[in-house]
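Top line first, the protein sequences correspond to chains X and L.
Start counting the first sequence at 1; every next residue gets the next number (our numbering).
Start counting the second sequence at 1; every next residue gets the next number (our numbering).
See below for the structure under consideration.
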Amino acid sequence: MSGLQEALLSGAFSVSAELGPPMSADAEFVRKKARALKGLCNAVNITDNQTAIVRMSSIAASCLTLSEGVEPIMQMTCRDRNRIAMQSDLLGAYALGIRNVLCLSGDHQVFGSHPESKNVYDIDSIQLVRALSDMKKKKCFINGKPMKFPPEFFIGAAANPFADPYELQMIRLHKKIEAGAEFIQTQAIYDLEKFEKWMEDVRAAGLHTKAYFLAGILVNKSVKSIEMSAQVPGIEIPQELMNRMRSAQSAEEEGKRIALSLIERISKIQGVSGIHIMAVGWESAVPEIIERSTLKSKS
Amino acid sequence: MIIADQKPLDEVLGYLKDYKNIAIAACGTCVTICLAGGLAEAENLAEALRIARGASGRPASVRVFSLKRQCDAEFIEEADLELRWADAILSTACGVGVQFMAERFQVVLPGLNTTFFGASRDAGLWTEMCQGCGNCVLERTGGICPVTRCSKSNFNGPCGGSSKGKCEIDSETDCGWQLIYEKLKSLGKLERLYEIQEIKDWRSARDGGPRKRVAPLSCADELAVEQNAVDWT
Ligand code: SF4
Ligand code: SF4
């Protein structure tokens, strides 16, 4: 069973972090980042060609991470592979010891390093969740044909508590969980009030009893970084936090403090089972955040 | 209808450079309406070719022919004799017309880039509406095509990039799923969005290889009956 699943089952407040593979074949790059997170979190998301920029495959980087004793959550997007390649990669990933998969649509390739490429989207992210769940529960391929030794992944999906229209996003969350998502990682949270309201609706629908919710925390390094975060669709940053970053003596320290206080308050919200820390381009801050937040995993 | 764009003049001049008698075959249907390859555009293109070829010291005689539809043998036949004059035909039909012409004549070259199936949304504005996936789901999606109007062809709702009703690919493009949501909401049918849409069988689309349509049996029977009737008299 996946270590992350075990931790969540045991009721331990869990922590996942994020590791972006390099735009090269440099294994040491991945190993080093993985080592820095060892013993600090329950699992680490390994992104799949994020922002459609070609990077080391998430399977390979997940494997390297695993070999450093850190459990990966392999991200898989629907952008680049058809159902044949996806299922084949899933079988391979499981054979290599990967146990967690996060199913995503993937950023459209127009943003990436190869905007000229063909756009695949043979299946969508909810259908991918369903396919993983069918492999596990019905022991079958997407075509319904039986599989002898099916992969039994701990299945994740993403949700954005701040995206509009709210109602539609909620329907989608319902569907993801109905399709078989067992854990949900959220978009970065800055606006606690809105997030609390969202969790209230999650609880009212009983979704927190069907899937574990890991709340996203983004650690900002500078005023520029928080300003960039503010531009990401679906991220809303209260003015007060922007001001705090702008007037801080050390933006780095302030960014960490903001993250720490968010973590503190989020960890008290009912139905939240853990946090997912993102520090894009500032991974080195993550160990300190975890240490200082007293969230250090017991594993 | 089928929408197309004119190819850049330089590209066309490039592949016409070895020909002296050039026929431009305009097409009277879709590409006339979308102002890409109708008679007026063909006349303009002919003039531009004459001038450019003259200026390059290798003049060509360029004539324009107007065909009603190049995707129909009947209309190609009508122009057949006249078109034989040319040593190259530049067709300003869509890719279908160019290919159909090329089955009949030796040298047929494309004058347009065929782009999509779309509607005339406004004066001078055409937008893509359908990709001919072969298994239409519009009944389920409030008459808005998720295959075409969602940049990721999502079947189960919007991706995380949908923002303020626009698609993540650019702020000018409506998010198809926002449109589907609004329409179903106005119909009081939002609950339909809770249904998980199964993985699509893409064989009915281009993914299954080049497609053909054979007239359904009932039509074929009628044709056969007519045929027989003729035979007996
Ligand atoms: S579902 Fe298929 S046939 Fe229907 S509009 Fe969309 S692409 Fe065209
Ligand atoms: S933003 Fe909307 S239209 Fe664009 S890819 Fe996402 S769901 Fe599809």
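Using N, Cα and C, we set each Cβ at its ideal position, and we do this for glycine too.
Item	Value
Anyone know if the C-beta pair for L/Gly-134 and L/Arg-53 falls short of 8 Å?	no
Can you pull the chain L neighbours of X/Glu-178, defined as C-beta to C-beta under 9 Å?	Tyr-194 and Ile-196
Helix, strand or coil: how does DSSP classify L/Ser-120 here?	strand
List in chain order: all unbroken beta strand (DSSP E) runs of 3+ residues lying wholly within the segment 43 to 100 of chain L.	61 to 67 and 88 to 91
Is the beta carbon of L/Asp-5 less than 8 Å from the beta carbon of L/Thr-173?	no
Please confirm if L/Lys-183 has its CB atom under 8 Å from at least one CB of chain X.	no
Provide the residue span of the beta strand (DSSP E) that contains L/Asp-5, from first to last.	2 to 6
Applying the criterion that 16 or more other CB atoms from any shown protein chain within 10 Å of the CB defines a buried residue, is X/Met-228 buried or exposed?	exposed
Are any of the Cβ atoms in chain L nearer than 8 Å to that of X/Asp-80?	no
Of all Cβ atoms in chain L, is any one closer than 8 Å to the Cβ of X/Ala-60?	no
Could you check where the alpha helix (DSSP H) with X/His-174 kicks off and where it finishes?	166 to 179
Is the beta carbon of L/Pro-158 closer than 8 Å to that of L/Ala-131?	Inspection of the sequence shows that residue 131 of chain L is occupied by Gln rather than by Ala. Contact: no.
Mind checking the segment 144 to 177 of chain X against chain L and listing, in chain order, the residues whose C-beta falls within less than 9 Å of any C-beta there?	Ala-158, Ala-159, Asn-160, Ala-163, Asp-164, Pro-165, Glu-167, Leu-168, Gln-169, Ile-171, Arg-172, His-174, Lys-175 and Lys-176
Pick from X/Phe-29, X/Leu-102, X/Asn-143 and X/Ile-142: whose alpha carbon is nearest that of X/Ser-125?	X/Leu-102
Residues with a Cβ closer than 6 Å to any heavy atom of ligand 4, in chain order?	With respect to ligand 4, the structure shown offers nothing to examine, as its ligands consist of ligand 1 and ligand 2.
I want to verify the contact list: residues of chain L whose CB lies under 7 Å from the CB of X/Val-110, in sequence order.	Ile-169
Given that X/Asp-122 touches chain L, what residues does it touch there, using C-beta distances under 9 Å?	Ser-153, Ile-199, Lys-200, Trp-202 and Asp-207
Check whether the segment 25 to 45 of chain L and the segment 85 to 92 of chain L are in contact - that is, three or more C-beta pairs closer than 8 Å.	yes
If we cut at 8 Å on Cβ distances, does L/Pro-210 have a partner in chain X?	no
Just tell me which of X/Ile-237, X/Val-219, X/Asn-119 and X/Val-272 has its CA closest to the CA of X/Ala-12.	X/Val-272
Kindly say whether L/Pro-158, judged by its beta-carbon, lies nearer than 8 Å to any beta-carbon of chain X.	yes
Sort L/Gly-37, L/Ser-56, L/Glu-195 and L/Glu-168 by Cα distance to L/Thr-141 and report the nearest one.	L/Glu-195
Leaving aside the five residues before and after X/Gln-169 along the sequence, list all residues of the same chain whose C-beta is less than 7 Å from its C-beta, in chain order.	Asn-160 and Ala-163
Tell me which residue opens and which closes the beta strand (DSSP E) that X/Pro-72 is part of.	72 to 77
Quick one: grab the DSSP three-state call for X/Asp-191.	coil
Looking at ligand 2, does it come within less than 7 Å of L/Lys-152, judged from the CB to the closest heavy atom?	yes
To be precise: take each residue of the segment 232 to 252 of chain X, compare its Cβ to all Cβ atoms of chain L, and keep it if any distance is under 8 Å. Which residues remain?	Pro-233 and Gly-234
Does any residue of chain X bring its CB to less than 8 Å from the CB of L/Gly-57?	no
Are X/Glu-71 and X/Arg-35 touching if we call contact CB-CB under 8 Å?	no
Please report the Cβ distance between X/Leu-218 and X/Gly-180, rounded to the nearest whole angstrom; I am assuming they are in contact, meaning their Cβ atoms lie under 8 Å.	Not a contact, Cβ separation roughly 27 Å.
Does the Cβ of L/Cys-159 lie closer than 7 Å to at least one heavy atom of ligand 2?	yes
Is it true that the CB of X/Pro-151 sits closer than 8 Å to the CB of X/Leu-91?	yes
Terminal residues of the continuous beta strand (DSSP E) containing L/Met-129?	125 to 130
So, is the C-beta of L/Lys-20 closer than 8 Å to a C-beta in chain X?	no
For the candidate residues X/Ile-53, X/Arg-203, X/Leu-128 and X/Ile-171, whose alpha-carbon lies nearest to that of X/Ser-88?	X/Leu-128
Using a Cβ cut-off of 9 Å, which residues of the segment 83 to 94 of chain X contact any Cβ in chain L, in chain order?	Arg-83
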